[in-house]
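Asker: Just so you know, numbering that gives the first Met the number 0 puts 95 at position 96 of the sequence shown, and the rest follows in order with no gaps. Don't be surprised by glycine CBs; every beta carbon is placed ideally from N, CA and C. Predicted, not measured: the structure shown is a model, and the values here were computed from it.
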Amino acid sequence: MTDMLETAMGRRLAHDRREGRAPSVVFLGGLRSDRNGTKAQHLDAWAAARGQAFLRFDYSGHGDSSGRFDEGCIGDWAEDAVAAIDALTDGPVILVGSSMGGWISFLVQRRIDRVAGMVGIAAAPDFTEDSMWAGFDDAQRRDLAEHGRVELPSEYGEPMVVTRRLIEDGRDNLVLRGPVPQFGPVRLLQGTADVDVPPSVALRLLDHLDGDVRLTLVKGADHRFSDPACLRLIEGAVEDVLGALA
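#1: What did DSSP end up calling residue 152 once you bin it into helix, strand or coil?
#2: Taking the alpha carbon of residue 239 as the reference point, which residue from 212, 143 and 228 has its own alpha carbon closest?
#3: For residue 101, count the other beta carbons within 10 Å of its own beta carbon; 16 or more makes it buried, fewer makes it exposed. Which is it?
#4: Let me check understanding here. Comparing Cα to Cα, which of 150, 20 and 106 lies closest to residue 179?
#5: How is residue 215 classed by DSSP in three states: helix, strand or coil?
#6: Just tell me which of 53, 18 and 169 has its CA closest to the CA of residue 30.
#7: Look at residue 160 and residue 111 and say whether their C-beta atoms are less than 8 Å apart.
#8: Between the Cα of residue 217 and the Cα atoms of 130, 40 and 227, which residue gives the shortest distance?
#9: Measure the alpha-carbon distance for residue 52 versus residue 90 and round it to whole angstroms.
#10: Need the endpoints of the alpha helix (DSSP H) that residue 239 sits in, please.
#11: Across the region 193-203 and the region 2-14, are there enough close Cβ pairs to call them in contact, namely three or more that are closer than 8 Å?
#12: Thinking C-alpha only, which one of 72, 48 and 54 is nearest residue 164?
#13: In the DSSP output, what is residue 126 paired with across the bridge?
#14: With a 10 Å radius around its C-beta and 16 neighbouring C-beta atoms as the bar for buried, classify residue 78 as buried or exposed.
#15: When the distance is taken between beta carbons, is residue 25 closer than 8 Å to residue 237?
#16: Between residue 132 and the rest of its own chain, which residues show a CB-CB distance below 6 Å, the 5 nearest in sequence each way excluded?
#17: Here's a check: name, in chain order, each residue in its chain whose Cβ is nearer than 6 Å to the Cβ of residue 61, leaving out the five neighbours to either side.
#18: Going along the chain, which residues of its own chain have a beta-carbon closer than 7 Å to the beta-carbon of residue 248, five neighbours each way excluded?
Following this line, the structure appears as structure tokens:
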């Protein structure tokens with residue numbers, strides 16, 4: 000059942016919480032995605048069948064939450080995730096971060112010591128700098144400086160609005176410029192046909208992580224990582240983390 004959480008920052012976050020046994024599994028979605036996407040709903044059904052505690056929510060400016068997408072940034076969405084986890088879960092949590100949600104997972108881990116493990120699905124840390132900014136031509140960089148925004152074509156619908164605030168805030172939240180703190184078992188899933196987050200990102204992330212970390216490359220899988228075989232792999236990765244914590 001969908002409820003709304005009022006955060007200390009005055010944002011209203013739409014969420015669906017399923018009671019169950021610990022650890023709580025928390026799904027962190029990608030940029031412009033929401034809690035009703037294929038992966039989030041599949042994991043909700045998986046949690047229901049297991050009796051596992053599960054939380055999925057919309058960042059501000061996403062889905063049914065308050066705010067406008069083009070006014071948000073990585074720091075805001077990390078704050079949303081921390082607020083949701085603090086208010087809506089108890090005990091240890093396992094983060095399942097999809098695309099941008101992978102980046103958010105590492106920012107959450109810096110602020111919540113209950114994070115016990117993670118599953119990253121095409122995790123995209125630092126993408127505002129290493130993908131967006133690095134890929135801008137001179138005209139786009141000039142538009143960003145002069146007008147504060149630039150629009151990028153997107154195969155997922157309306158053009159992607161990238162704001163100067165998104166880029167500048169992203170620079171304040173980079174995680175791959177140094178070692179990433181160890182925080183329990185990590186399972187990374189990555190498609191070889193992902194053109195949004197290429198396999199090189201997963202390999203770079205793997206190099207920055209210590210401890211019980213495993214990367215699974217799936218030949219031919221794209222960024223959505225949502226076909227039945229990929230959904231089973233996501234289930235298996237979460238179960239593997241749970242097993243490692245048992």
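Answerer: In brief:
#1: Per DSSP, reduced to three states, the secondary structure at residue 152 is coil, with no helix or strand assignment.
#2: Closest in C-alpha terms to residue 239, from the list 212, 143 and 228, comes 212.
#3: buried
#4: 106
#5: strand
#6: Nearest option by C-alpha distance: 169.
#7: no
#8: Among 130, 40 and 227, the Cα nearest to that of residue 217 belongs to 227.
#9: 11 Å
#10: 227-244
#11: The region 193-203 makes no contact with the region 2-14: fewer than 3 CB pairs, one atom from each, lie closer than 8 Å.
#12: 72
#13: According to DSSP, residue pairing for residue 126 in a beta bridge does not occur.
#14: buried
#15: no
#16: Contacts found: 166.
#17: 33
#18: Residue 248 is absent from the structure shown; the chain starts at 0 and stops at 245.
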